[in-house]
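Below: one structure, written as structure tokens.
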Amino acid sequence: MHLLLDCPLLDQEREALRSQVGHLDFSLLLTRDAKEFTTWAILHFGIDHFESFKSTLTQK
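Residue 49 in full-length UniProt numbering is what sits at position 49 of the sequence shown, and the numbering runs on without skipping anything.
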């Protein structure tokens, strides 16, 4: 929860997420906007387990 709502290191990234989905309502992020939130979290939370997966999220 800290990384999503409070972490000052993610201020810009959090604002980009808010612009993308129109809110930072946690319940909506986990339901209606789960795809966008999951992608955002994998890209920005720094979880080593997902490092190899990040490149597939940014390819278009």
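Yeah, the Cβ is synthetic: ideal placement off N, Cα and C, and Gly gets one too.
By the Cβ neighbour-count rule, His2 is exposed, with fewer than 16 other Cβ atoms within 10 Å of its own.
The beta-carbon distance between Leu24 and Arg18, rounded to whole angstroms, is 5 Å. This is short enough to meet the 8 Å contact definition.
Per DSSP, Leu10 lies in no alpha helix (DSSP H) segment and is marked neither H nor E.
Secondary structure note for Ile42: its alpha helix (DSSP H) is the uninterrupted segment 34-44.
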